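Sequence lines, in order, name chains A and B. Going by the UniProt record's numbering, the first sequence opens with residue 1, and the numbers climb by one from there. Going by the UniProt record's numbering, the second sequence opens with residue 1, and the numbers climb by one from there. Cβ atoms here follow ideal geometry from the backbone N, Cα and C, with glycine treated the same way. Since this is a predicted model, take the numbers as computed values, not measurements. What follows is a single structure, written as structure tokens, with notes after it.
Number of protein chains: 2
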Amino acid sequence: MKALYAQSGGVTSVINASAYGVLDEARKNGLEIYVGINGVTGILKEKFLDANDLDIEFLKYTPAGAFGSCRKKLKNDADVEKLFEIFRKNDIRYFFYNGGNDSMDTAWRLQLEAQKRGYELKVVGVPKTIDNDLPHTDHCPGFGSAAKYIAIAMMEAAFDLRSMYVDSTQVFVMEIMGRHAGWLAASAGLGWINGIGADVILLPEQPFNKDEFLGTVDRVISQKGYCAIAVAEGLKYPDGFFVSDMGFTDSFGNRQLGGVGFTIAGMVRSELGLKTHVAIPDYLQRSGRHIASATDVEEAEMCGRMAVRYALEDNYGVMVTMERVNDEPYQIRYSSVPLNLVAEQTKMLPKDFFDKYAVTDKFFKYALPLIKGEPYPPFRNGLPEYKLLNLK
Amino acid sequence: MKALYAQSGGVTSVINASAYGVLDEARKNGLEIYVGINGVTGILKEKFLDANDLDIEFLKYTPAGAFGSCRKKLKNDADVEKLFEIFRKNDIRYFFYNGGNDSMDTAWRLQLEAQKRGYELKVVGVPKTIDNDLPHTDHCPGFGSAAKYIAIAMMEAAFDLRSMYVDSTQVFVMEIMGRHAGWLAASAGLGWINGIGADVILLPEQPFNKDEFLGTVDRVISQKGYCAIAVAEGLKYPDGFFVSDMGFTDSFGNRQLGGVGFTIAGMVRSELGLKTHVAIPDYLQRSGRHIASATDVEEAEMCGRMAVRYALEDNYGVMVTMERVNDEPYQIRYSSVPLNLVAEQTKMLPKDFFDKYAVTDKFFKYALPLIKGEPYPPFRNGLPEYKLLNLK
Chain A
1 MKALYAQSGG
11 VTSVINASAY
21 GVLDEARKNG
31 LEIYVGINGV
41 TGILKEKFLD
51 ANDLDIEFLK
61 YTPAGAFGSC
71 RKKLKNDADV
81 EKLFEIFRKN
91 DIRYFFYNGG
101 NDSMDTAWRL
111 QLEAQKRGYE
121 LKVVGVPKTI
131 DNDLPHTDHC
141 PGFGSAAKYI
151 AIAMMEAAFD
161 LRSMYVDSTQ
171 VFVMEIMGRH
181 AGWLAASAGL
191 GWINGIGADV
201 ILLPEQPFNK
211 DEFLGTVDRV
221 ISQKGYCAIA
231 VAEGLKYPDG
241 FFVSDMGFTD
251 SFGNRQLGGV
261 GFTIAGMVRS
271 ELGLKTHVAI
281 PDYLQRSGRH
291 IASATDVEEA
301 EMCGRMAVRY
311 ALEDNYGVMV
321 TMERVNDEPY
331 QIRYSSVPLN
341 LVAEQTKMLP
351 KDFFDKYAVT
361 DKFFKYALPL
371 IKGEPYPPFR
381 NGLPEYKLLN
391 LK
Chain B
1 MKALYAQSGG
11 VTSVINASAY
21 GVLDEARKNG
31 LEIYVGINGV
41 TGILKEKFLD
51 ANDLDIEFLK
61 YTPAGAFGSC
71 RKKLKNDADV
81 EKLFEIFRKN
91 DIRYFFYNGG
101 NDSMDTAWRL
111 QLEAQKRGYE
121 LKVVGVPKTI
131 DNDLPHTDHC
141 PGFGSAAKYI
151 AIAMMEAAFD
161 LRSMYVDSTQ
171 VFVMEIMGRH
181 AGWLAASAGL
191 GWINGIGADV
201 ILLPEQPFNK
211 DEFLGTVDRV
221 ISQKGYCAIA
231 VAEGLKYPDG
241 FFVSDMGFTD
251 SFGNRQLGGV
261 GFTIAGMVRS
271 ELGLKTHVAI
281 PDYLQRSGRH
291 IASATDVEEA
301 EMCGRMAVRY
311 ALEDNYGVMV
321 TMERVNDEPY
331 QIRYSSVPLN
341 LVAEQTKMLP
351 KDFFDKYAVT
361 DKFFKYALPL
371 IKGEPYPPFR
381 NGLPEYKLLN
391 LK
């Protein structure tokens, strides 16, 4: 029985730990395991890697998608036809797809089509997203490490700002990933548990009120002299218009959509007359394996293992989930949910996790266990010793 | 005999290690030691902190300026007059100023004025700058840690890009600090020692040729499918015009000067038709103490200690320097240089440290010892346990 694993969607610093979990568990259980290169994009070209004898230790500490990822959505019947042709030809009977909302849609579609075609295929989704927006799971592998990265980045930047504000920059803005949900932006407040963090957090869940925001910054400045701001890229006005719309067209007449961080800083600069600095960590926040969370790495691996176990128990057409059993001491239980309940759904930050521009105790209780522990990668020459697979 | 220590200019993740060196060495040698809050800006307001019994352990691992920094230049005679009044009143006889080019100018001015006035004052500069552009020293405390941060950020981003390029983003651009010299941007190439780094590095030392640059990106893309670009904020056209000039005015008629990273990405997008991502680490690169270099932390502390020793040996009016004795094994010797030889000078990246868009073996030999070792800060709640002093 052949099994196929593949990665899909935006990568994380621990998606390879899930790959490790799937591959190791599959091999232990006697499955013949292959990896599809670049998700369904590569599978459609029969780009497979034989993982049965592959040295997989490096997956535990190497960030991003070691086997390549893809952005492809399965919208096209010809693609589905081609995929089943390839599955059949290679006798693929298990498919473990590691991704977020869109990828679970692909997984669900394949499971349905297999049933329709009478082709025996067991599909199990392995959750992955720094956005933490998959429903029916307490949280997602990838989020804890990205949250830790953001929390630390904001702490360090706030220390910097605090050094400089007396006669220089008074406002620091960090633009954080999250087009729909504010889980990551909220994490910029976690540093307060150790004494410093974001003073103002702008979430997609809360419609942006410019005057109120500027009033708040002004108040923070008059109280402490400086203000550290976290803004989610998906921040919207009450009418749903993205704040990141830069408000002008370029010389080619194209509407400029750009860094919401610069838009926010521009407001502060022009309306409050304060000097600003802007950081955009971009990829750094989702591939910062050097400062990953140990909880996240362990859970990512376990989600991979559970996917294999569920498939072998004939629990398929599902995605692996985590249920929170207890906050302190932190305890979770692995479970599963039908793929169709996850596909293309988005879990927003609950209303009681934030209060205007700050995060609440409930958010701290929720998020702090997820960022715990420092599973440093090995270093050589003063730099992480990540490993590159040849994918050609 | 009273001694005063203060921090000045843009901060680093190890400037507090220098503070630790100065304070500890001063106390061991029986000096009464005070700290000026926010450099000369606070000293002018007599904002002193008695550091004789202060618990200073936290300085070894807390980033940014624990005592506040400033951007003030001493251009004004009234300020100089006021400073000497305050020095005299408090019987300050040693002044240790921790900063970069501008700060050494201030230190030099104070040393000169003291002599002119017949006021016995021993001024010693402690070098500090992530830009690494102070002359007469092999390198500067602060650079090694920032270089390590940049090297790792670029490695991790390149892993991310490599996962995504097949059907999504093919070009990643990281904007790196350095208005004059390209030391930090060059560090984005260091990851190659472990297999991955920046494919194209744009330095202020090399006038920007747009066509040649785009041709190079095009070639890299056709060879490997993706291209990771590092660009220094000070990148200039051959006529000295900053590339970061965005080429348009805002609705208020102001010329937009903005992220050179976005400018470069815009060229790639519009001329080569490739999807891009842009990261701007900003403050994160200079305060990222969580991934500092052990060599840098140790040397920062020693530079602080040497400043005190030199002053006590009557070697003053100088800045502490480091001379490279050997590359492998790495060995340096501490020395000193008259402040006037450092003040307002800039050390550029030597021509044999780069070749077009890449760094040379000479740069690796120079920089690799400086990023070695991982002196992790203590962690609590999954986050660094940095300490905040009350400066009010």
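| Asked | Found |
| --- | --- |
| Per DSSP, the bridge partner or partners of I229(B) | V173(B), V200(B) |
| Boundaries of the beta strand (DSSP E) in which G144(B) is found, first to last residue | Note, G144(B): premise wrong, no beta strand (DSSP E); alpha helix (DSSP H) at 143-164. |
| Span of the alpha helix (DSSP H), counted from its first residue to its last, around T295(B) | 294-312 |
| When S335(A), R109(A), G178(A) are compared against A146(A), the one with the closest alpha-carbon | G178(A) |
| Local Cβ density within 10 Å of T129(B), reported as buried at 16 or more and exposed below that | buried |
| C-beta neighbour in chain B for S18(A), strict 7 Å | no |
| The stretch 299-309 of chain A in contact with the stretch 68-77 of chain A per 3-pair CB rule at 8 Å | no |
| Spatially closest choice to G42(B) from D53(B), D91(B), Y61(B), L4(B), by CA coordinates | L4(B) |
| Local Cβ density within 10 Å of residue 393(B), reported as buried at 16 or more and exposed below that | No answer is possible for residue 393(B): the residues shown for chain B start at 1 and end at 392. |
| Cβ neighbours of F252(B) in the same chain (closer than 6 Å, five flanking residues each side left out) | With a pLDDT of only 46 at F252(B), under the threshold of 50, the placement of this residue in the model should not be trusted; the figure read from the coordinates follows. So no residue of the chain qualifies. |
| Helix, strand or coil at G191(B) according to DSSP, with G and I counted as helix | helix |
| Where D91(B) falls: helix, strand or coil (DSSP) | coil |
| Three-state class that DSSP yields for A367(A) in the structure shown | helix |
| 7 Å Cβ cutoff met for G65(A) and I15(A) | yes |
| CA-to-CA distance, L83(B) to D53(B), given in whole angstroms | 25 Å |
| Beta carbon proximity, M322(B) to chain A, threshold 7 Å | no |
| Cβ-based neighbour list, K72(B), same chain, cut-off 7 Å, excluding 5 preceding and 5 following | G39, V40, T41 |
| N101(A) versus V342(A): straight-line alpha-carbon distance, rounded | 7 Å |
| Proximity of P204(B) and H290(B) at Cβ, strictly below 7 Å | no |
| Span separating the alpha-carbon of I56(B) from that of P281(B) | 29 Å |
| Separation of Q111(A) from S69(A), as counted between CA atoms | 20 Å |
| Close-in-space but distant-in-sequence residues of the same chain around R27(B) (CB under 7 Å, 5 per side omitted) | I33, N52 |
| As assigned by DSSP and simplified to three states, the class of Y119(B) | coil |
| Cβ pair L161(B), A265(B) closer than 7 Å | no |
| Buried or exposed by the 16-neighbour rule on C-beta atoms within 10 Å, applied to Q170(A) | buried |
| 7 Å Cβ cutoff, S163(A) in contact with chain B | yes |
| Beta-carbon separation (whole angstroms), Y97(A) vs K60(A), contact threshold 8 Å | The pair is not a contact, with the Cβ atoms about 21 Å apart (cut-off 8 Å). |
| Burial state of V126(B) (16 or more Cβ within 10 Å) | buried |
| Under the three-state DSSP convention, the category Y34(B) falls into | strand |
| Inter-residue spacing [alpha-carbon to alpha-carbon] between V220(B) and G189(A) | 40 Å |
| Assigned exposure category for V325(A) - 16 Cβ within 10 Å defines buried | exposed |
| Opposing strand residues paired with E323(A) [DSSP bridges] | R333(A) |
| Min CB distance K60(B) to chain A below 7 Å | no |
| Residues that V278(A) contacts on chain B, provided the C-beta gap is smaller than 7 Å | I280, D282 |
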